[in-house]
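Asker: The structure's right below; bear with me while I get my questions together.
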Amino acid sequence: MAISILPGGPAMRDASGRLPIDEAPLKTIHVIAAAAVLGGAVLDGYVLGIVGPALSIARQEMQLSAISQGLIASSALIGVFIGGLFFGNLADRFGRRPVFGWNLAAFIVLSVLQIFVQDVWQLVAIRLALGLAIGVEYAVGSSVLAEFSRRKGRGVLLGCFSIGWQVGFTVAFVVGSFYDGDNWRMLLASSVIPALITFALRMTLPETPMWLKAQGRDAEAQAIVDRYFGAEYAIPDVDLNPRHASPRELFTAETWRQTLYSGFFWFCQVGPFFGIFTFMMPVLESLGLRDATAVDMSLNAIQIAGAVVGVFMLHWMSRRGFVIWTFVIVLLTFLALGLFPQAPTWVVVTLFAIYMFVAPAANNIQFVYPPEIFDTHVRATGVGFSAAFSRISAAGVTYLLPYLLQRFGFSTTLIMMAAFPLLGLILSILWAPETKGKHLR
């Protein structure tokens with residue numbers, strides 16, 4: 217089965233004169249879907265971000281080595297790898313809504329369980345399980361949002377997933393910065409608050425009609441369309457596949473290149489990103505910045521600004537041009553910081569601020585490209601594979617970064633990490649498809 221994208225342009229009516237649902241004007245269901253999915257993005261960012269401030273307190277009480285800190289910080293990312301591989305395929309088999317709902321209950325329970333951890337391995341196990349739930353968000357969340365979104369605003373809406381993630385990550389840092397207690401367990405467990413809010417939002421969301429139609433359940437699909445979009449809309453023809461979706465369909469002669477690219481560009485973006493952002497304080501200190509906390513607060517504001525600007529750049533630019541040029545800028549920034557470590561402080565801060573602005577902007581495409589590349593019946597499986605593949609680099613760099621900083625210093629470490637944007641740039645020039653403005657299949 218070839219992975220294909222329907223062309224954009226004027227919408228084609230079906231035999232009954234109905235328009236595709238992605239041509240509908242803004243409806244309440246669009247708002248519900250956006251809130252339910254983007255709430256999960258905020259939660260993901262918060263869960264992954266709060267571990268940094270918590271570890272700065274826990275390392276004294278638990279006498280954590282650099283390797284132990286890396287293991288705790290990377291355990292959730294390892295969980296994302298497993299969750300993305302496994303649960304994306306489940307969502308293609310059994311529906312978006314069942315898989316998309318239960319993982320919020322898991323978030324709530326696991327967040328609370330962090331209060332009771334007594335040693336490193338208990339914390340690693342719980343963080344690993346949280347990563348499984350985050351893997352569901354990456355695999356299924358963007359698929360749900362893509363299948364409910366309007367064609368013309370799809371890139372902006374999917375890009376907002378990254379903004380939600382950045383907001384959650386930054387809020388976690390702010391909470392950690394202003395927390396003056398020593399109970400790091402409560403700090404970790406605070407993720408239960410966004411989990412409860414998101415759970416309430418998600419219970420109001422129906423199954424996606426595109427998935428129902430792909431399973432041959434046309435009557436159910438059209439009933440949802442009639443209720444939430446209007447009887448003048450219908451679902452475009454999708455590849456009928458009421459049987460179980462197979463991951464093998466991602467690696468046929470026609471599809472393997474797009475599948476690998478979907479994973480590799482994400483892999484190359486998040487490897488250095490998670491390592492640097494998780495251990496922001498030691499990174500800034502290694503750059504010779506004395507008031508690292510104040511600088512970090514400013515850089516976090518730049519981070520959110522970058523994510524917001526990136527959404528509009530993604531709307532304005534082609535998908536292919538966006539991913540290529542952001543890799544170019546990140547590569548040049550890494551090389552400049554790594555090769556000129558003795559540069560004046562203002563130069564170092566400026567270069568690092570450029571990275572903090574461009575990296576979140578670039579990350580927007582992680583939630584746009586994969587859902588647009590894969591067909592409906594394998595979309596969650598494909599997005600799950602891409603998310604899982606990307607976490608190999610994210611977990612690896614996050615695990616090793618404390619040791620690399622200690623052993624080689626930041627300049628040499630950053631030159632090593634420049635290999636990620638270099639590889640991403642080469643693969644994007646060779647393989648990046650153009651999906652902007654296309655109808656989903």
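Per this note's numbering, residue 217 is the first one in the sequence shown, and the count goes up by one each step. Each residue gets a CB set at the ideal place from its N, CA and C atoms; glycine is no exception.
Just checking my contact of leucine 293 with alanine 610 at CB under 8 Å: how many whole Å lie between their CB atoms?
Answerer: By one-based count along the sequence shown, residue 293 stands at place 77. By one-based count along the sequence shown, residue 610 stands at place 394. Leucine 293 to alanine 610, Cβ: 5 Å. Contact.
Asker: Do leucine 254 and valine 665 count as a contact pair if the criterion is CB distance below 8 Å?
Answerer: Outside the modelled stretch of the chain, which goes from 217 to 657, sits residue 665, for which no answer is possible.
Asker: Could you tell me which of Cys376, Arg595, Trp381 and Leu403 sits nearest to valine 391, measuring between CA atoms?
Answerer: Taking the sequence shown and counting its residues from 1, the one referred to as residue 391 is at position 175. Ranking the options by Cα distance to valine 391, first place goes to Leu403.
Asker: What is the residue span of the alpha helix (DSSP H) that isoleucine 540 lies within?
Answerer: Within the sequence shown, the letter at position 324 stands for residue 540. Where isoleucine 540 is concerned, the enclosing alpha helix (DSSP H) stretches over 535-555.
Asker: Can you name the start and end residues of the alpha helix (DSSP H) that arginine 312 belongs to?
Answerer: Against the sequence shown, residue 312 aligns to sequence position 96. Residues 312-329.
Asker: Return helix, strand or coil for proline 458, following the three-state DSSP convention.
Answerer: The count along the sequence shown starts at 1 and reaches residue 458 at position 242. Confidence at proline 458 is low in this model, with a pLDDT of 49, below 50, so its placement is unreliable and no value can be given for it.
Asker: Can you look up alanine 634 in the DSSP assignment and give me helix, strand or coil?
Answerer: Here the question's residue 634 lines up with position 418 in the sequence shown. Looking at alanine 634 - three-state DSSP - the assignment turns out to be coil, as it is neither helix nor strand.
Asker: Hey, does leucine 235 have any beta-carbon neighbour from chain D nearer than 8 Å?
Answerer: Among the chains in the structure shown there is no chain D, since it carries only a single protein chain.
Asker: Since I believe leucine 346 is in contact with valine 263 (beta carbons under 8 Å), could you give me their beta-carbon distance rounded to a whole number of angstroms?
Answerer: The count along the sequence shown starts at 1 and reaches residue 263 at position 47. The count along the sequence shown starts at 1 and reaches residue 346 at position 130. Confirmed, Cβ separation roughly 6 Å.
Asker: Go ahead and label lysine 429 buried or exposed: buried means 16 or more other beta carbons lie within 10 angstroms of its beta carbon, across all protein chains shown.
Answerer: Against the sequence shown, residue 429 aligns to sequence position 213. Its Cβ being crowded by 16 or more others within 10 Å, lysine 429 is buried.
Asker: Answer with buried or exposed for alanine 289, where buried requires no fewer than 16 other C-beta atoms within 10 angstroms of its C-beta.
Answerer: In the sequence shown, residue 289 corresponds to position 73, counting from 1. When all chains shown are included, alanine 289 counts as buried.
Asker: Ignoring anything shorter than 3 residues, give me the beta strand (DSSP E) runs that lie fully in the region 244-305, in order along the chain.
Answerer: None, since the region 244-305 contains no complete beta strand (DSSP E) of that length.
Asker: Using a Cβ-Cβ cutoff of less than 8 Å, which residues in the same chain neighbour valine 563 once the five nearest sequence positions on both sides are dropped?
Answerer: Numbered from its first residue, the sequence shown carries residue 563 at position 347. Same-chain partners within the cutoff: Phe556.
Asker: According to DSSP, is leucine 235 part of a helix, a strand, or is it coil?
Answerer: On the sequence shown, position 19 is the one that residue 235 refers to. In the structure shown, leucine 235 sits in a strand (DSSP, three-state: E or B).
Asker: Distance, Cα to Cα, glutamate 588 vs glutamate 465?
Answerer: Position 372 of the sequence shown holds residue 588. Position 249 of the sequence shown holds residue 465. For glutamate 588 and glutamate 465, the distance between alpha carbons rounds to 16 Å.
Asker: Please name the residue or residues paired with alanine 450 in a DSSP beta bridge.
Answerer: Mapped onto the sequence shown, residue 450 falls at position 234. Note: alanine 450 sits in a beta bridge opposite Pro236.
Asker: For phenylalanine 528, which of Val315, Ile379, Ile570 and Thr414 has the nearest alpha-carbon?
Answerer: Residue numbering aside, residue 528 sits at position 312 when the sequence shown is read from its first letter. Among Val315, Ile379, Ile570 and Thr414, the Cα nearest to that of phenylalanine 528 belongs to Ile379.
Asker: Pair every Cβ in the region 592-612 with every Cβ in the region 351-359, then say whether three or more of these pairs are closer than 8 Å.
Answerer: The region 592-612 is in contact with the region 351-359.
Asker: Which residues in the same chain have their Cβ closer than 8 Å to the Cβ of arginine 473, if we skip the five residues on either side of it in sequence?
Answerer: Along the sequence shown, read from residue 1 onward, the residue named residue 473 stands at position 257. Here the set comprises Trp647.
Asker: Rank Ser602, Pro586 and Ala552 by C-alpha distance to the C-alpha of phenylalanine 626 and give the top, closest one.
Answerer: Locating residue 626 in the sequence shown gives position 410, where the first residue counts as 1. Measuring from the Cα of phenylalanine 626, the nearest candidate turns out to be Ala552.
Asker: Taking 8 Å as the threshold (C-beta atoms), are alanine 355 and alanine 577 in contact?
Answerer: To locate residue 577, count along the sequence shown from 1; it is residue 361. To locate residue 355, count along the sequence shown from 1; it is residue 139. It is not a contact, given that the beta carbons lie outside the stated cut-off.
Asker: Could you tell me whether the region 331-343 touches the region 382-391, using the rule of 3 or more Cβ pairs below 8 Å?
Answerer: Result no; under three Cβ-Cβ pairs closer than 8 Å.
Asker: What is the DSSP secondary structure of glutamine 431, reduced to helix, strand or coil?
Answerer: For the purposes of this step, residue 431 is taken as the residue at position 215 of the sequence shown. Coil.
Asker: Report yes if the CB atom of glycine 317 is closer than 8 Å to the CB atom of glycine 351, and no otherwise.
Answerer: Residue 317 sits at position 101 when you count from the first residue of the sequence shown. Residue 351 sits at position 135 when you count from the first residue of the sequence shown. Not in contact: glycine 317 and glycine 351 (Cβ atoms no closer than 8 Å).
Asker: Going by DSSP, what residue range makes up the alpha helix (DSSP H) through valine 336?
Answerer: Here residue 336 is taken as the residue at index 120 of the sequence shown, counted from 1. Where valine 336 is concerned, the enclosing alpha helix (DSSP H) stretches over 336-352.
Asker: Apply the 10 Å Cβ neighbour rule to isoleucine 221 and answer buried if 16 or more other Cβ atoms are within range, or exposed otherwise.
Answerer: Here residue 221 corresponds to residue number 5 of the sequence shown, with the count starting at 1. A caution first: isoleucine 221 carries a pLDDT of 42, below 50, which makes its placement in the model too unreliable to give a value.
Asker: May I ask which residues mark the beginning and end of the alpha helix (DSSP H) holding valine 584?
Answerer: Translated into positions along the sequence shown, residue 584 becomes position 368. First-last for valine 584: undefined, no H or E at that position.
Asker: Assuming asparagine 579 and phenylalanine 489 make a contact with CB atoms under 8 Å, what is their CB distance in whole Å?
Answerer: The residue you call residue 579 lines up with position 363 of the sequence shown. The residue you call residue 489 lines up with position 273 of the sequence shown. Yes, asparagine 579 and phenylalanine 489 are in contact; Cβ-Cβ is about 7 Å, under 8 Å.
Asker: Buried or exposed, going by whether 16 or more other CB atoms sit within 10 Å of the CB of isoleucine 645?
Answerer: Residue mapping note: residue 645 aligns to position 429 of the sequence shown, counting from 1. Label assigned to isoleucine 645: exposed.
Asker: As a quick exercise: from Ala341, Pro269 and Gly487, pick the residue whose alpha carbon is nearest that of glycine 612.
Answerer: For the purposes of this step, residue 612 is identified with residue 396 of the sequence shown, where counting begins at 1. Of the candidates Ala341, Pro269 and Gly487, the one whose C-alpha sits nearest the C-alpha of glycine 612 is Gly487.
Asker: Tell me which residues share the same chain as phenylalanine 550 and place their Cβ nearer than 8 Å to its Cβ, disregarding the 5 neighbours each side in the sequence.
Answerer: As a first step, residue 550 is located in the sequence shown; it is residue number 334 there, counting from the start. Only Pro488, Tyr571, Leu630, Ile631, Met633, Ala634 and Pro637 meet the Cβ criterion.
Asker: In angstroms, rounded to a whole number, what distance separates the CA positions of alanine 447 and alanine 274?
Answerer: Within the sequence shown, residue 447 is the residue found at index 231, counting from 1. Within the sequence shown, residue 274 is the residue found at index 58, counting from 1. Going by the C-alpha atoms only, they are around 57 Å apart.
Asker: For the region 535-551 against the region 511-524, do three or more pairs of beta-carbon atoms, one drawn from each stretch, fall closer than 8 Å, so that the two count as touching?
Answerer: No contact exists between the region 535-551 and the region 511-524.
Asker: For leucine 620 and glutamine 285, what's the separation of their Cα atoms in angstroms?
Answerer: Here residue 620 refers to the residue found at position 404 when the sequence shown is read from its first residue. Here residue 285 refers to the residue found at position 69 when the sequence shown is read from its first residue. Rounded to the nearest angstrom, the two C-alpha atoms are 13 Å apart.
Asker: Per DSSP, what kind of secondary structure is phenylalanine 471 in: helix, strand or coil?
Answerer: By 1-based counting over the sequence shown, the position of residue 471 is 255. The residue you asked about is not phenylalanine; residue 471 is threonine in the sequence shown. Three-state DSSP puts threonine 471 in coil, outside helix and strand.
Asker: Nearest to threonine 424 by alpha carbon, out of Leu639, Leu643, Tyr395 and Asp238?
Answerer: Taking the sequence shown and counting its residues from 1, the one referred to as residue 424 is at position 208. Comparing Cα-Cα distances from threonine 424 to each of Leu639, Leu643, Tyr395 and Asp238, the minimum goes to Asp238.
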